[in-house]
DNA sequence: TTTCTTACA
DNA sequence: TGTAAGTA
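In this note's numbering, the protein residues as written are 10 to 142.
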């Protein structure tokens, strides 16, 4: 299928699809007349995968790593052959760990800011009372 | 009409 | 990333 149909079926923009090819994530498996890019079902699977990973904040290198363990001609939704699917799972879980760490850091920061806010409230309160008296 | 490349905002 | 121009 050509890029227009791919865009319709993946919900990705033409720009994004071409961008992924440029970044070496997903390239059309074949070329047609006039150098037209022809995508296969497997390419579609990879694009769907990229879309989800991008949504989860995977960076280019990580997405490439994941796609690298995805063998050609094998549908993503299938049985676990014990290797590539296990690597996909590991990659996803790894990202979960990173996101948990990020949330923890954000909460820590929020707590610090709360503490600072309390401190300043106390300071301004004491200033008010001392100048008033 | 669709796609490709290149370039600009 | 969207969009536009000029092609094939």
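Every residue gets a Cβ at the ideal spot worked out from N, C-alpha and C, and that includes glycine.
Span of the alpha helix (DSSP H), counted from its first residue to its last, around residue i
i	result
residue 19	12–19
residue 50	50–64
residue 70	69–77
residue 34	It is not in any alpha helix (DSSP H) - residue 34 carries neither H nor E in the DSSP assignment.
Residue burial classification, residue i (beta-carbon count within 10 angstroms, cutoff 16)
i	result
residue 108	exposed
residue 52	buried
residue 19	buried
residue 132	exposed
Residue i versus the options, residue with shortest Cα-Cα distance
i	options	result
residue 63	28, 14, 129	28
residue 65	111, 30, 116, 117	111
residue 61	48, 40, 46, 21	21
residue 104	41, 70, 40	70
residue 100	137, 114, 67	67
residue 73	47, 32, 127, 14	32
CB of residue i within 7 Å of CB of residue j, strictly
i	j	result
residue 30	residue 24	no
residue 93	residue 78	yes
Whole-angstrom C-beta distance between residue j and residue i, which should lie under 8 Å
i	j	result
residue 34	residue 59	6 Å
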